[in-house]
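Participant: In this note's numbering, the protein residues as written are 58 to 509.
Ideal Cβ positions, reconstructed from N, Cα and C, are used throughout, including at glycine.
As the structure is a prediction and not an experimental result, all values here were calculated from the model.
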Ligand code: TYD
Ligand code: MG
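Shown next as structure tokens:
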């Protein structure tokens, strides 16, 4: 008799399925992420979405509601969501444990309830008492919010059908389970199948569902990346758990642009939005310190100024150390090589540390010029004028290449009181009538030596 295979190996990072164990996942190239799980049995045909066969429709016959987007009460969050909550959408909020996912969702619930909407907060992690304690810190809630402690998805689905709230929160997906899936809660197949039910419920009942997904490196708990492709919107909370700022980044959005960021601060009464992140990121900048330069990056549609810090000090071992916090390590290595070759700086004798102050993660190539300048400043141990902002992509021969939205970047710098803006020559020629800030266009990083 043919042997029926009952288990398979799944990657807990990306959900890749394989019949045998592999050291490295072919899907996401992560090491040691494959776990063995029972394969989900043959699924019953689903009777939830529609009945019978649907007919193809004409675009102009489809009705859209006017009140399709509802504000969450946070402008920062609305922008990341692409303008507000969309009816029937499935939103995944990922992040490290303790970063503030439950807190922001409870605050959204409060804002929606204040607008007269019904919301259901379903928790599989905390007891009703614990949620109440948190809610007491956030403020007064009205009766629009209902709480439910439940982990069985069949029951949750039933409650959603009964109550038909405007929005619901599932905290967290890794604690939920379906009885007809054999593996344990938190496993790849459970997390996937559970999300499947939630997606169908959201679409068929028009409920906006927010799913919490913890990012975990250890154990067999599946990460939120496993369900990124199933949901409409994916947001990640970043930031240092021990510091007070939190950055909410849109990674995928079917209803808006991605890579928007929202900046929040954790207070004793929940999260508060930070309206001007540049000001916030530059807070506490050292005066007259070498290696510190302000650069400008575009995150989504918004320019953000950040302080780049570099520290170059003589290495005491044969192999110089390099670290990059908050930006791409390989990019930093490349820029160091460019400096070594084109400006003859002996970085091979120096340890180099690069840090984006403020705990934010930025990868835009336009930061290159800022990184280069901070490296030169630290190498020569000469501070750079603190009223200078720099941006531009740097190529392998040391040329400074054009970047997009130069005028918006310069505008943001001007708004925050900077006096000089160093940028690629090509971009500076495109900027007309910008007064109040001195614009210096450069073609090659060699020109920097004379400026700073
Ligand atoms: P939480 O939302 O429970 O994190 P997650 O759901 O992502 O695991 O965040 C909890 C952290 O936030 C915890 O360290 C306490 C802190 N916190 C405040 O500082 N102020 C507040 O008003 C609240 C509610 C929490
Ligand atoms: Mg939580």
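With burial defined as no fewer than 16 other Cβ atoms inside 10 Å of the residue's Cβ, what is the status of residue 67: buried or exposed?
Facilitator: So residue 67 counts as buried.
Participant: Please indicate yes or no: does the CB of residue 327 lie closer than 7 Å to some heavy atom of the ligand TYD?
Facilitator: Because some heavy atom of the ligand TYD lies under 7 Å away, the Cβ of residue 327 counts as near it: yes.
Participant: Going by the CB atoms, is the gap between residue 343 and residue 349 shorter than 8 Å?
Facilitator: Yes.
Participant: Is the beta carbon of residue 113 within less than 7 Å of some heavy atom of the ligand TYD?
Facilitator: No, the ligand TYD has no heavy atom inside 7 Å of this Cβ.
Participant: Taking the beta carbon of residue 378 as the centre, do at least 16 other beta carbons fall within 10 Å, making it buried, or is it exposed?
Facilitator: Its Cβ having fewer than 16 others within 10 Å, residue 378 is exposed.
Participant: Closer than 7 Å by C-beta to residue 82: which residues in its own chain qualify, once you throw out the five before and the five after it? Chain order, please.
Facilitator: Taken in chain order, the residues that qualify are 68, 70, 71, 73, 90, 91.
Participant: Would you say the beta carbon of residue 281 is closer than 7 Å to some non-hydrogen atom of the ligand TYD?
Facilitator: No; taking the cut-off as 7 Å, the Cβ of residue 281 has no heavy atom of the ligand TYD nearer than that.
Participant: Give me whichever residues DSSP pairs with residue 408 in a beta bridge.
Facilitator: The partner list for residue 408 (beta bridge, DSSP) reads 370.
Participant: Are there any heavy atoms of the ligand MG lying less than 7 Å away from the beta-carbon of residue 159, as far as the coordinates show?
Facilitator: Within the cutoff, so yes.
Participant: Which partner residues does residue 380 have in the DSSP bridge list?
Facilitator: In the DSSP output, where bridge partners are listed per residue, residue 380 has 410.
Participant: Looking at residue 302: is its Cβ nearer than 8 Å to the Cβ of residue 416?
Facilitator: Yes, the Cβ-Cβ distance between residue 302 and residue 416 is below 8 Å.
Participant: Using 8 Å as the threshold, is the stretch 325-334 in touch with the stretch 404-414, meaning 3 or more CB pairs across them?
Facilitator: With the cut-off at 8 Å, the stretch 325-334 and the stretch 404-414 do not touch.
Participant: Quick one: does the C-beta of residue 191 sit closer than 7 Å to a heavy atom of the ligand TYD?
Facilitator: Answer for residue 191: yes, Cβ within range of the ligand TYD.
Participant: Just tell me which of 446, 403, 407 has its CA closest to the CA of residue 424.
Facilitator: Here the closest residue by C-alpha is 446.
Participant: Going straight from the alpha carbon of residue 386 to that of residue 316, what length do you get?
Facilitator: Rounded to the nearest angstrom, the two C-alpha atoms are 20 Å apart.
Participant: Residue 88 bridges to which residues according to DSSP?
Facilitator: In DSSP, residue 88 forms a bridge with 81.
Participant: Looking only at C-alpha atoms, which of 248, 177, 186 sits nearest to residue 266?
Facilitator: Among 248, 177, 186, the Cα nearest to that of residue 266 is on 177.
Participant: Would you identify the three-state DSSP class for residue 481, choosing helix, strand or coil?
Facilitator: Looking at residue 481 - three-state DSSP - the assignment turns out to be strand.
Participant: Kindly indicate which residue of 312, 300, 311, 310 has the alpha-carbon position closest to the one of residue 321.
Facilitator: It is 300.
Participant: Taking residue 470 and residue 362 to be in contact with their CB atoms under 8 Å, please state how far apart those CB atoms are, rounded to whole angstroms.
Facilitator: Contact flag correct, Cβ pair sits at about 7 Å.
Participant: Run the CB neighbour count on residue 286, radius 10 Å, all protein chains shown included, and call it buried at 16 or more, exposed below.
Facilitator: That one is exposed.
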